[in-house]
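>
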């Protein structure tokens, strides 16, 4: 088969479309014939040499895919060859085939294009596990989503709104109309406006009950300032760095909490549990149309370098897909 390889870490041109060995399904795995994968920020870090895949995972980037099952390994039940699926991966999605633990498979939701389904697994699992399992976002609460125009952001805006939360999203002003269409009640241009002041303004001074943050260190102090009493800050990215000073006094005064999570490195059983939760609680929202995959564009997988440049520029809204056809 062919896959995107990284012979030497570096810029987008480090991505090379090359012939590699075909995967074989191990016990408890299936082979997915990949129709599409999606570009995530983690893929950019892996390309640069900063985020190696976990042991035993293919060296090719790609944390999600859609396609059809091509082979079923020993011990797998409930899945059959030819079945359309999408999957959460620890790596290997930028390829024509990938071996997937059966617990990380999801059916393509009814009404969703089988290619566009590649835009769902990583964001759905990330957003659901953090907003529901960690932050316990409730109806009537205020959710602040940073990076609202990203794949994670566009999904979180829709999901938060579907849960009955009032969603505030930060993004470039050119993306605000789209975010309001997706369910954001308020939008903030992070380049021109102070998201702390804006969040307090639109909540009559209370602040956000839950903040989903992709920035990390550079936003930590301001995120704590933007929290309501009893608020929950969940950090899922470090685009703004990994080290910052935390004012515990400010956190204590608000009886607030800070959590940080990653998905890729979780044990298989934990990932399977998250996937089950997504299938039970998120897929019905997707099938009803309350939440949908937001795809900026599709590009051939051999043009992965172009896709990485686009995602690095942050000029996209939603997901950039890489297709094998």
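Residue numbers (the UniProt record's numbering): 1 to 325.
Just so it is clear, CB atoms sit at the ideal spot from N, CA and C, and this is done for glycine as well.
For clarity, every value in this text was computed on a predicted model and none was experimentally measured.
1. Please go through the same chain and pick out, in chain order, the residues whose beta-carbon is closer than 6 Å to the beta-carbon of residue 259, but skip the five residues on each side of it.
2. Smallest Cα separation from residue 298: which of 256, 292 and 307?
3. Going along the chain, which residues of its own chain have a beta-carbon closer than 8 Å to the beta-carbon of residue 22, five neighbours each way excluded?
4. Go ahead and pull the three-state DSSP assignment for residue 274.
5. Three or more beta-carbon pairs under 8 Å between the region 199-217 and the region 130-144, yes or no?
6. Considering only C-alpha positions, which residue in the set 92, 243 and 291 is nearest to residue 124?
7. Between residue 304 and residue 322, what straight-line distance do the alpha-carbon atoms span, to the nearest angstrom?
8. Would DSSP call residue 154 helix, strand or coil?
9. Just to confirm, is the Cβ distance from residue 165 to residue 143 under 8 Å?
10. When you compare each of 182, 129 and 139 to residue 150 by their alpha carbons, which one comes out closest?
11. Buried or exposed for residue 50, please, with buried defined as at least 16 other CB atoms from any protein chain shown within 10 angstroms of its CB.
12. Just the Cα atoms here: how many angstroms apart are residue 116 and residue 90?
13. By DSSP's criteria, residue 65 is part of a beta bridge. Which residues make up the other side?
14. Residue 175 to residue 29, Cα distance in whole Å?
15. Just to confirm, are residue 318 and residue 295 a CB contact at a threshold of 8 Å?
16. Out of 146, 33 and 232, state which residue places its alpha-carbon closest to the alpha-carbon of residue 239.
17. Do residue 228 and residue 196 have their C-beta atoms within less than 8 Å of each other?
18. Of the choices 262, 325 and 256, whose alpha-carbon is the least far from that of residue 236?
19. Just to confirm before moving on: does the CB-CB distance between residue 107 and residue 85 stay below 8 Å?
20. In the DSSP assignment, the alpha helix (DSSP H) including residue 176 goes from what residue to what residue?
21. For residue 110, name the three-state secondary structure that DSSP assigns.
22. Could you compute how far the alpha carbon of residue 170 sits from the alpha carbon of residue 223?
23. Among the residues of its own chain, which have a CB less than 6 Å from the CB of residue 184, if the five just before and after it don't count?
24. On the CB-based measure, 16 or more other CB atoms within 10 Å of its CB, does residue 122 come out buried or exposed?
25. Report yes if the CB atom of residue 57 is closer than 8 Å to the CB atom of residue 93, and no otherwise.
26. Would you give the residue range spanned by the alpha helix (DSSP H) that residue 256 belongs to?
27. Run through the region 189-242 for me and flag every whole alpha helix (DSSP H) of 4 or more residues, listed as ranges in chain order.
28. Sorted by chain position, which residues of the same chain lie with C-beta nearer than 7 Å to residue 26's C-beta, five sequence neighbours on each side aside?
Looking at the coordinates:
1. 134 and 234
2. Nearest of 256, 292 and 307 to residue 298, Cα basis: 307.
3. 1 and 97
4. helix
5. Yes: at least three Cβ pairs fall under 8 Å.
6. 291
7. 7 Å
8. Note: residue 154 maps to helix in three-state DSSP.
9. yes
10. 182
11. When all chains shown are included, residue 50 counts as exposed.
12. 19 Å
13. 37 and 87
14. Pairing residue 175 with residue 29, the inter-Cα distance amounts to about 39 Å.
15. It is a contact, given that the beta carbons lie within the stated cut-off.
16. 146
17. No.
18. Of the candidates 262, 325 and 256, the one whose C-alpha sits nearest the C-alpha of residue 236 is 262.
19. yes
20. 176-182
21. coil
22. 12 Å
23. 157, 167 and 169
24. buried
25. no
26. Run containing residue 256: none; DSSP gives neither H nor E here.
27. Correct list: 195-202 and 220-226.
28. 73 and 99
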